[in-house]
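Worksheet: one structure, shown below.
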Amino acid sequence: MKLVKQSENEYFGRYEENEDLIEALLKFCNENKIETGIFSIIGAVKSSSFAFYDQKQKKYLQMDLDENAEISHCTGNISLRENKPFIHAHILLADREGRAYGGHLVAAKVFAAEIYIKKFEKSVHRKKNESTGLHLLEP
Numbered sequence: 001m002k003l004v005k006q007s008e009n010e011y012f013g014r015y016e017e018n019e020d021l022i023e024a025l026l027k028f029c030n031e032n033k034i035e036t037g038i039f040s041i042i043g044a045v046k047s048s049s050f051a052f053y054d055q056k057q058k059k060y061l062q063m064d065l066d067e068n069a070e071i072s073h074c075t076g077n078i079s080l081r082e083n084k085p086f087i088h089a090h091i092l093l094a095d096r097e098g099r100a101y102g103g104h105l106v107a108a109k110v111f112a113a114e115i116y117i118k119k120f121e122k123s124v125h126r127k128k129n130e131s132t133g134l135h136l137l138e139p
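First residue of the sequence shown? That's 1 in our numbering, and the numbers climb one at a time after it.
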């Protein structure tokens, strides 16, 4: 990921072709000591994996899209899980026919993408919630 512009707690950048959206963002967070924040991504991907959380089974059901798609919307947050940056992102993709696909972002191979990140001052942690089976934000 290439940083294009930065202010004290805000970053504006772009991904390199073939980078993974999640892996590159995690690397950027580690290198820049970003523990908590929000982000938004626009662009296009070559392939992607996303998931739907089955609330009864308490597990993610993964779907793969092995084709080019536009990122219609991708937003998420950065928090700490087991004291390491954790990315929670949701994505909405559109194919050349305008069909939409989306869910919890697992991975996506970038064609071209831009990102905005806002870093928060105080860290927020995630903890496993037994009722939902998810790692939720904790005060």
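All C-beta atoms, glycine included, are put in the ideal place defined by N, C-alpha and C.
Residue i in three-state terms, based on DSSP
{"i": "residue 30", "result": "helix"}
{"i": "residue 138", "result": "strand"}
{"i": "residue 35", "result": "coil"}
{"i": "residue 70", "result": "strand"}
{"i": "residue 114", "result": "strand"}
Minimum C-alpha distance to residue i - residue among the options
{"i": "residue 125", "options": "116, 94 and 88", "result": "88"}
{"i": "residue 94", "options": "65, 129, 138 and 120", "result": "65"}
{"i": "residue 55", "options": "36, 47, 129 and 34", "result": "129"}
{"i": "residue 140", "options": "131, 107, 134 and 118", "result": "No answer is possible for residue 140: it lies beyond the span of the chain, which begins at 1 and ends at 139."}
{"i": "residue 86", "options": "132, 102, 121 and 29", "result": "29"}
Boundaries of the beta strand (DSSP E) in which residue i is found, first to last residue
{"i": "residue 60", "result": "59-65"}
{"i": "residue 12", "result": "10-14"}
{"i": "residue 126", "result": "125-128"}
{"i": "residue 6", "result": "2-6"}
{"i": "residue 86", "result": "84-94"}
Separation of residue j from residue i, as counted between CA atoms
{"i": "residue 72", "j": "residue 96", "result": "12 Å"}
{"i": "residue 127", "j": "residue 139", "result": "10 Å"}
{"i": "residue 5", "j": "residue 50", "result": "29 Å"}
{"i": "residue 22", "j": "residue 76", "result": "11 Å"}
{"i": "residue 17", "j": "residue 112", "result": "6 Å"}
{"i": "residue 118", "j": "residue 57", "result": "34 Å"}
{"i": "residue 80", "j": "residue 32", "result": "14 Å"}
{"i": "residue 12", "j": "residue 3", "result": "6 Å"}
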